[in-house]
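Chemist:
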Amino acid sequence: MTASLELWPSSPRRAGPPRRLDRWRRIIVETPSGVLLVVQLLALVSYPFLQTLELGEFQQVGHAAFGLVGLLVLFLAVRAVRATPALTWVSVLLGGPVVLMTIGESIWPENDVLVFWSALLHAAFYFYTGYALLRYMFADNWVTRDELLATGATFTVLAWAYAYLYLAIQFIWPHSFTIYGEVVPGTRTWFELLYLSITTMTSTGLSDIVAVTPHTRSFVLLQQISGMLYVALVVARLVGLTIARFRQS
């Protein structure tokens, strides 16, 4: 029985063939990592539309909504794949202030101190969630469908974490990132830093956004190494276990 089934018990089966709603509910319950992956991929497409959304005097409402939806899905995923009893406690401890600061950002978007601490806590929360998913995938030698989907979910979670880390870094060391054609390095948005994070994590090459200060480049180097080790250790292990499973069957 997978961890998701233990933590999300199914309701008694109905007599007769399952309804479409029951099938979809079972898929969602049994593959929380897949739900997390799908939502984050959809968020990549929807964020440019939400970025400029405003509601009266409240600016960046779309950004706040984007962050809150992501946190909600992450809370559900952490609960479903937690490796230790302390995991949920730590995620709630980190996630509570993050939710409040995300709301605060939509009300006071120009408050640099609030944005800095929000980015730092976001990064800590996403890194911890990535650690939880890694523990989930390495918990046994039997590969489930959700564990395969967790490889993608973990990748996106870590990319999110580094993007928020870069956002906090540019408040500590201003003008840390520049974009192609820019004479004087400016301040990058979170979505621009996510673009840099994903291109760095995938090792597809440098994007048009680059780190220009030594401190920032050291963190980019860490992400490049993390991306290489992720493919070499995590993905390779799961692929090997999947092949071994098919050979035994």
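With the working numbering, letter number 114 in the sequence shown gets 115, and the count goes up by one each step, no holes.
Just so it is clear, CB atoms sit at the ideal spot from N, CA and C, and this is done for glycine as well.
Computed from a prediction, not measured in an experiment: that's the story for all the values here.
Taking the alpha-carbon positions, what's the residue 212 to residue 32 distance?
Modeler: Going from the Cα of residue 212 to the Cα of residue 32 covers about 37 Å.
Chemist: Going by DSSP, what residue range makes up the beta strand (DSSP E) through residue 178?
Modeler: Per DSSP, residue 178 belongs to the beta strand (DSSP E) from 178 to 180.
Chemist: Within 10 angstroms of the Cβ of residue 58, are there 16 or more other Cβ atoms? Answer buried if so, exposed if not.
Modeler: Reliability fails at residue 58, whose pLDDT of 48 lies under 50, so the model's placement of it is uncertain and the value that follows must be treated cautiously. Residue 58 comes out exposed.
Chemist: Compare the C-alpha of residue 152 against each of 27, 25, 230, 49 and name the closest.
Modeler: Among 27, 25, 230, 49, the Cα nearest to that of residue 152 is on 230.
Chemist: Ordered along the chain, which non-local residues of its own chain (more than five positions away) have a Cβ less than 7 Å from that of residue 98?
Modeler: Hits under 7 Å: 122.
Chemist: In the DSSP output, what is residue 211 paired with across the bridge?
Modeler: For residue 211, which the question treats as bridged, DSSP gives the partners 179.
Chemist: Among 178, 141, 155, which one has its Cα closest to the Cα of residue 196?
Modeler: The candidate whose alpha carbon is nearest that of residue 196 is 178.
Chemist: At the level of alpha carbons, what is the spacing between residue 162 and residue 198?
Modeler: When rounded, the distance between both Cα atoms is 9 Å.
Chemist: State whether the region 98 to 117 contacts the region 137 to 145, with contact taken as three or more CB pairs (one from each stretch) at a distance under 8 Å.
Modeler: No contact exists between the region 98 to 117 and the region 137 to 145.
Chemist: Tell me whether the beta-carbon of residue 35 lies closer than 8 Å to the beta-carbon of residue 147.
Modeler: Yes, these two residues count as a Cβ contact at 8 Å.
Chemist: Could I get the ranges of all uninterrupted beta strand (DSSP E) runs contained in the region 99 to 127, with 3 residues as the minimum, in chain order?
Modeler: The qualifying runs do not exist here; there are none.
Chemist: Would you tell me roughly how many angstroms separate the C-alpha atoms of residue 225 and residue 235, rounded to the nearest one?
Modeler: Each residue's Cα considered, the two are about 15 Å apart.
Chemist: Ignore the nearest five residues each way along the sequence and tell me which others in residue 185's own chain have a CB closer than 7 Å to its CB.
Modeler: So no residue of the chain qualifies.
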